[in-house]
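All remarks here apply to the structure that follows.
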Amino acid sequence: MSGWDGIEEFVSVAQYASFKLAAEALGQSTSHVSRAVMRLEAKLGEPLFFRTTRQVTLTDTGRSMLDHCAQMVRDRDEAFALVGGDTAPQGELRVTCASALGERFVSPIVRRFMQDHPRVNVFLDLSNRQKDLVAEGFDLAIRTGELDDSRLIRTLITTRKWRLCASRDYVSQRGIPDSVDSLSDHDCVIGSSEVWQFGPDSEAREFRPSGRLRCNSGESVLDAVRAGLGYCQLPDFYVREGIAQGRLIPVLDEVQPPPEPIWAVYPHRRHLLPRVYLLVEQLKAEMPELVNGAT
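Read left to right, the sequence shown gives residues 0 to 294 (numbering that gives the first Met the number 0).
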């Protein structure tokens with residue numbers, strides 16, 4: 000058994016939680032991946048996975064090994080990228096992003112990126128569960144707001160504004176709040192956050208809205224507001240068109256929070272892989288107009 004035997008297969012199975020999906024990602028047969036992992040387990044003298052007919056999960060040994068093995072694979076890829084004579088980006092790029100941003104903005108950019116770089120394969124995870132980039136082997140994440148993981152590097156992609164609005168019908172019946180406090184007299188449609196932020200940084204304050212509907216989908220919140228169920232606070236890209244058409248009425252723009260940063264986030268590396276760098280640059284070039292509209 001060579002020093003590398005089974006390591007890449009182990010990392011891939013852990014990332015996909017599936018021998019079959021790992022094999023597809025590696026371009027290998029499922030039996031090859033299974034045997035490679037078994038050889039690694041035999042060398043360690045410990046099982047790395049709990050295997051059932053329904054799922055594959057890491058053992059304690061597997062969890063303790065994963066970070067180290069994933070870093071070994073990344074270091075190998077970096078070395079190949081640095082010394083290889085072929086500078087065209089290639090290999091797999093693992094990207095994670097929240098569903099709303101991913102579906103609206105990141106996914107179309109990734110498709111164009113793949114057309115420009117046909118030797119790059121992309122695994123795009125659209126999930127509202129924030130992933131551990133190091134442990135789960137992701138090359139890049141698109142995240143919003145404040146970040147606190149010192150293991151990660153961040154690059155600003157763009158910002159997004161927040162708007163408070165309601166349908167024209169609701170406003171005609173219930174009126175317009177003249178302050179944050181007067182929102183207490185109105186029905187609100189509550190999204191994924193139970194707390195709404197207001198005010199510039201020097202005057203920041205929070206408001207806890209009340210309403211009959213709470214939903215973790217921005218699109219569904221928007222549909223409810225269009226139907227006249229109350230006020231919502233959503234990123235501008237959800238409501239911009241409705242406001243321009245006069246179907247939605249914005250209020251309290253002067254006390255909305257500062258624009259929220261949207262970051263490209265990736266693990267610390269001495270050299271950023273070309274495929275990661277190029278996608279980040281494409282995101283920086285295209286996302287500002289997509290998120291905030293043409294200026």
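Beta carbons are placed, not taken as given, at the ideal position from N, Cα and C, and that holds for glycine.
Considering just the uninterrupted stretch of the alpha helix (DSSP H) at D18, what are its terminal residues? In the sequence under discussion, the amino acid at residue 18 is Phe, which differs from the Asp named in the question. Residues F18 to L25.
Residue from S98, D252 and M64 whose Cα sits closest to the Cα of D177: The residue with the shortest Cα to Cα distance from D177 is D252.
Rounded C-alpha distance that separates A78 from E45: Between the alpha carbons of A78 and E45 lies a distance of about 30 Å.
Would you decide whether F18 is buried or exposed? Buried here means 16 or more other CB atoms lie within 10 Å of its CB. In the assembly as shown, F18 is a buried residue. Its beta-carbon has 16 or more other beta-carbons within 10 Å.
Decide yes or no for the touch test of the region 278–286 against the region 104–119: beta carbon pairs closer than 8 Å, at least 3 of them. The region 104–119 and the region 278–286 touch, with three or more beta-carbon pairs separated by less than 8 Å.
How about E8 and A21: do their beta carbons lie closer than 8 Å? In this structure, E8 lies near A21, with their beta-carbon atoms less than 8 Å apart.
Leaving out five residues before and five after L155 in sequence, what residues of the same chain have Cβ atoms less than 7 Å from its Cβ? P260 and W262.
How many angstroms separate the CA atom of P88 from the CA atom of D138? About 14 Å.
Could you tell me which of S166, S219 and L43 sits nearest to A243, measuring between CA atoms? Minimum Cα-Cα distance from A243 among the listed residues S166, S219 and L43 corresponds to S166.
Residue burial classification, F49 (beta-carbon count within 10 angstroms, cutoff 16): In the assembly as shown, F49 is an exposed residue. Its beta-carbon has fewer than 16 other beta-carbons within 10 Å.
What separation, rounded to the nearest whole angstrom, lies between the Cα atoms of E193 and L182? The alpha-carbon atoms of E193 and L182 are separated by roughly 14 Å.
Which residues in the same chain have their Cβ closer than 7 Å to the Cβ of L289, if we skip the five residues on either side of it in sequence? Around L289: F104.
Could you name the residues that DSSP lists as bridge partners for W262? Beta-bridge pairing by DSSP links W262 to R142 and L155.
Where F206 falls: helix, strand or coil (DSSP): Correct three-state label for F206: strand.
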